[in-house]
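Enquirer: Under the working numbering, residues 13 to 141 are what the sequence shown spells out, in order. Where is the CB? At the ideal position from N, CA and C, for every residue including glycine. Owing to the predicted nature of the structure, the values given are computational and were not obtained by experimental measurement. If you scroll down you'll find the structure; I have some questions about it.
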Amino acid sequence: MTEQTYCDRLVQDTPFLTSLGRLSEQQVDRIILQLNRYYPQILSNKDAEKFRNPKLSLRVRLCDLLGHLQRSGERDCQEFYRALYIHAQPLHSCLPSRHALRKCVSQPPGLGISLFSPSPETTLRLRLV
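So, in structure tokens, the structure goes:
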């Protein structure tokens, strides 16, 4: 199975992130400001002003921001996730892409050990011989 990129994750998470009430105006502003201040190559001053424009609804601005990041590339999407973690950690832990990652990584407890450990019967036979 191939590893999911940050851009792939952002595509998967966009409907969740843009649904009503997920992110507050303040959280979105903090994320935009972080990307603009620390990574002006990701969000220029002009972009930051556009995505913080109070004349547009929060949902429209957020959709525009996420689309911009997806078009910008992997590193920009990764920095968005870092900013989201910093400014909205509870929401970050509930992202659909994080649930998908956990399912791919997790395995039933003890599965790896039982595949390589001898069974009790084998251990008993070894001792008897």
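(1) Assign leucine 48 to buried or exposed, taking buried as 16 or more other Cβ atoms, counted over all protein chains shown, within 10 Å of its Cβ.
(2) Look at leucine 74 and leucine 29 and say whether their C-beta atoms are less than 8 Å apart.
(3) Within the 8 Å Cβ cut-off, does isoleucine 98 reach chain D?
(4) With a 10 Å radius around its C-beta and 16 neighbouring C-beta atoms as the bar for buried, classify glutamine 46 as buried or exposed.
(5) Excluding sequence positions up to five away, which residues of its chain have a Cβ less than 7 Å from the Cβ of phenylalanine 63?
(6) Does the distance from the C-beta atom of leucine 96 to that of arginine 34 stay below 8 Å?
(7) Within a Cβ cutoff of 6 Å, which residues of the same chain sit near phenylalanine 92, ignoring the five residues on either side of it in sequence?
(8) Please state if the CB of glutamate 86 and the CB of threonine 17 are separated by a distance shorter than 8 Å.
Expert: Once the coordinates are examined:
(1) It should be noted that the sequence gives asparagine, not leucine, for residue 48. Burial call: buried.
(2) yes
(3) This model lacks chain D altogether; it includes just one protein chain.
(4) buried
(5) Ile44, Arg73, Asp76, Leu77
(6) The answer is no: Cβ separation not under 8 Å.
(7) Leu81
(8) yes
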